[in-house]
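A.B. asks: Mind looking over this structure? Questions follow.
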Amino acid sequence: MINVLMIEDDPEFAQILSEYLDSFNIKVTNFEDPYLGLSAGIKNYDLLILDLTLPGIDGLEVCKEIRQKYDIPIIISSARSDISDKVVGLQLGADDYLPKP
């Protein structure tokens, strides 16, 4: 089974994505609080799905902190449409950037 860590403060979006991935036997653990997500034992996960607009800390900073310590694949999923957020996210170590609908 694939284990995914998601840091997403929108519970409705997190639930929809979790249920969808569950249909492929992918287990998702979501944290709405990015600080709890950062302390979640990241090395125990196969993938990180990261929102950018988070309470208390910007998702780009979370991406930077995680990339400095871990080699986990990171997918940014965000409603931000500014191209600079996409570029900076990829420069900080995200592996992909998927816009939210």
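In case it helps, our numbering puts the sequence shown at residues 7 to 107.
Even glycine gets a Cβ: it sits at the ideal position worked out from N, Cα and C.
What does DSSP give as the partner residues of Lys33 in its beta bridges?
C.D. replies: Stepping through the sequence shown from its first residue, residue 33 is reached at position 27. Bridge partners of Lys33: Asn9.
A.B. asks: In angstroms, rounded to a whole number, what distance separates the CA positions of Glu71 and Asp77?
C.D. replies: The residue given as residue 71 occupies position 65 in the sequence shown. The residue given as residue 77 occupies position 71 in the sequence shown. If you take the alpha carbons of Glu71 and Asp77, they lie about 11 angstroms apart.
A.B. asks: Going along the chain, which unbroken runs of the alpha helix (DSSP H) with 4 or more residues stay wholly within the stretch 31 to 75?
C.D. replies: Here the runs fully enclosed are 40 to 44, 65 to 75.
A.B. asks: Please report the distance separating the alpha-carbon of Asn31 from that of Glu25.
C.D. replies: Walking along the sequence shown from the start, residue 31 turns up at place 25. Walking along the sequence shown from the start, residue 25 turns up at place 19. Going from the Cα of Asn31 to the Cα of Glu25 covers about 10 angstroms.
A.B. asks: Could you please give the first and the last residue of the uninterrupted beta strand (DSSP E) stretch that includes Pro105?
C.D. replies: Sequence index remark: in the sequence shown, residue 105 carries index 99 (1-based). 102 to 105 is the extent of the beta strand (DSSP E) around Pro105.
A.B. asks: State the Cα-Cα distance for the pair Leu58 and Leu66, rounded to the nearest angstrom.
C.D. replies: On the sequence shown, residue 58 is found 52 positions in, with the first residue counted as 1. On the sequence shown, residue 66 is found 60 positions in, with the first residue counted as 1. The straight-line gap from Cα to Cα measures roughly 6 angstroms.
A.B. asks: Assign Val93 to one of two classes, buried (16 or more other C-beta atoms within 10 Å of its C-beta) or exposed (fewer than that).
C.D. replies: In the sequence shown, the residue the question calls residue 93 occupies position 87. Exposed: under 16 other Cβ atoms inside 10 Å.
A.B. asks: Leaving out five residues on either side along the sequence, give the residues of the same chain with a beta carbon under 7 angstroms from the beta carbon of Tyr103.
C.D. replies: In the sequence shown, counting from the first residue as 1, residue 103 sits at position 97. Closer than 7 angstroms at Cβ, skipping near neighbours: Ile82, Lys92, Gly95, Leu96.
A.B. asks: Where do the ends of the beta strand (DSSP E) carrying Ser83 lie?
C.D. replies: As a position in the sequence shown, residue 83 is number 77, starting the count at 1. Element bounds for Ser83: 80 to 84.
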